[in-house]
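Residue 111 in numbering that gives the first Met the number 0 sits at position 112 of the sequence shown, with consecutive numbering throughout. Virtual Cβ for every residue (Gly too), placed ideally from N, Cα, C. Have a look at the structure below before the remarks.
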Amino acid sequence: MTDADNPGQGRYGIDLDLPADIPDPIRALLNRRVIRKYKADAISDQTMALLLSAAQSAPTKSNLQQYSIIIIRDPAIRDQVADLVPSMPWMKTAPVIAVFLGDLRRIRRLAEIRGHSYQNNNADTFMNAAVDAALAMQCFITAADHLGLGTCPISYLRNRIDDLAEILALPDGVFPIAGLCVGYPDDSGYLSMRLPQKIVVHQDRYDDSQLPGDVEDYDERAHGRFALSAAKQRHTDKYGVLEKCTWSENVARQLSLPERAGFADFLKRKGIKLD
Ligand SMILES: Cc1cc2nc3c(=O)[nH]c(=O)nc-3n(C[C@H](O)[C@H](O)[C@H](O)COP(=O)(O)O)c2cc1C
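Structural data, given as structure tokens:
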């Protein structure tokens, strides 16, 4: 039996009691993975219009549609953006990079045009815009998968957020959530194993009392399928390379040093308040 026949095994490394007749779109979701290498084949305008229609079909808070998408197809600009993240040179193989942006500017402009004051520059609006943009990105990803395209979000671009904002001419009120590499796959990627539902899903009320043991089991399963190479282990300069670097060790290592501490400052400078 293959993982495709037994999607619980594929996604979790454990058997799951799932319906026998899983609809194809859901089966495809259970088999979804990022792709980090693309063929040079261009993506047609029609296909892009379809993908963007799918993105814009995502739910959006109060239909406020507080996001924008910049489609980078010019190889020179694509390379400029990719150069911001030298550790991910495969970005340059993507014929398209779509940058998903929270956009609080459009509504502010509309308030002005309509002659109303704008009283919602706050953390909740920031959150709504980020969620809108993320949902649009996910709908784009799902549609791309159905069309045989591969994608990979790139939040690492936010490590160089000021340079990115300059290259893309981002005005006040607009902030990037992630870039999305898009292209026809030149690699099949791999199916990454997720935490079991008993860790992520809580019944009726929050309960993480079994976390240590449950994570240890997950660490064993994940390591058994895909041992983390030295290159994938975080901050080895500080912590060294482990023969067996588990998922929980690696995430704890990753978050032991501050990441993107300048993001709140960027938002402030772009006139976005988090009060
Ligand atoms: C918001 C977001 C940002 C991400 N940023 C990056 C990134 O900068 N570089 C990268 O290679 N992958 C990035 N990824 C991809 C994740 O690493 C990937 O989804 C995760 O390892 C699980 O693998 P899977 O999607 O194949 O299941 C990002 C994913 C998300 C959702």
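**Message:** Between the alpha carbons of E219 and N5, how many angstroms are there, rounded?
**Reply:** 20 Å
**Message:** Which same chain residues end up closer than 6 Å to I160 when comparing Cβ atoms and leaving out the 5 residues on each side of it in sequence?
**Reply:** F265
**Message:** Under 8 Å: does the beta carbon of R107 sit that close to some heavy atom of ligand 1?
**Reply:** no
**Request:** Look at the alpha carbon of Y183 and the alpha carbon of L227, and state the distance between them as a whole number of angstroms.
**Result:** 27 Å
**Request:** Since I believe I176 is in contact with A133 (beta carbons under 8 Å), could you give me their beta-carbon distance rounded to a whole number of angstroms?
**Result:** Right, their Cβ atoms sit about 6 Å apart.
**Message:** Tell me the DSSP secondary structure of S67 in three-state form.
**Reply:** Residue state, collapsed to three classes: strand.
**Prompt:** Quick one: what's I96 bridged to in DSSP?
**Reply:** DSSP output for I96 lists I71 and C180 as bridge partner(s).
**Item:** DSSP-derived helix/strand/coil call for Y205
**Value:** coil
**Asked** Hey, would you say Y11 sits closer than 9 Å to M126, going by beta carbons?
**Response** no
**Prompt:** Are the stretch 92 to 100 and the stretch 39 to 59 in contact at 8 Å, needing three or more beta carbon pairs?
**Reply:** yes
**Message:** Taking only three categories from DSSP, how would you classify I21?
**Reply:** coil
**Item:** Three-state class that DSSP yields for M0 in the structure shown
**Value:** With a pLDDT of 48 at M0, under the threshold of 50, the modelled position of that residue is not reliable, and no figure is offered here.
**Prompt:** Thinking just about the alpha-carbon of each residue, which of Q65, L163, I166 and A230 is nearest to the one in N120?
**Reply:** Out of Q65, L163, I166 and A230, the CA that lies nearest to the CA of N120 is found in Q65.
**Inter-stretch contact at 8 Å, needing at least 3 Cβ pairs: the stretch 193 to 210 / the stretch 9 to 23** = The stretch 193 to 210 vs the stretch 9 to 23: in contact.
**Prompt:** When DSSP builds the beta bridges, which residues end up paired with V173?
**Reply:** D102
**Request:** Please classify L179: is it buried, with 16 or more other beta-carbons within 10 angstroms of its beta-carbon, or exposed?
**Result:** buried
**Request:** Report yes if the C-beta of Y189 is less than 8 Å from at least one heavy atom of ligand 1; otherwise report no.
**Result:** yes
**Message:** Can you determine whether any heavy atom of ligand 1 sits closer than 8 Å to the C-beta of C138, and answer yes or no?
**Reply:** The closest heavy atom of ligand 1 lies 8 Å or more from the beta carbon of C138.
**Prompt:** Does the stretch 150 to 169 come close enough to the stretch 76 to 89 that 3 or more CB-CB pairs lie under 8 Å?
**Reply:** yes
**Message:** Here's the rule: buried if 16 or more other CB atoms are within 10 angstroms of the residue's CB, otherwise exposed. What is L190?
**Reply:** buried
**Prompt:** DSSP three-state call for I153: helix, strand or coil?
**Reply:** strand
**Item:** alpha helix (DSSP H) segment containing N127, residue limits
**Value:** A122 to H145
**Item:** Unbroken alpha helix (DSSP H) run spanning G212, endpoints
**Value:** Per DSSP, the continuous alpha helix (DSSP H) segment holding G212 begins and ends at L210 to R224.
**Message:** Less than 9 Å between the C-beta atoms of I140 and V98, yes or no?
**Reply:** The answer is no: Cβ separation not under 9 Å.
**Asked** Between L169 and the rest of its own chain, which residues show a CB-CB distance below 8 Å, the 5 nearest in sequence each way excluded?
**Response** L100, L163, P175 and K269
**Request:** Assuming I34 and G147 form a contact by the criterion Cβ under 8 Å, report the distance between their Cβ atoms to the nearest whole angstrom.
**Result:** So it is not a contact: roughly 11 Å between Cβ atoms.
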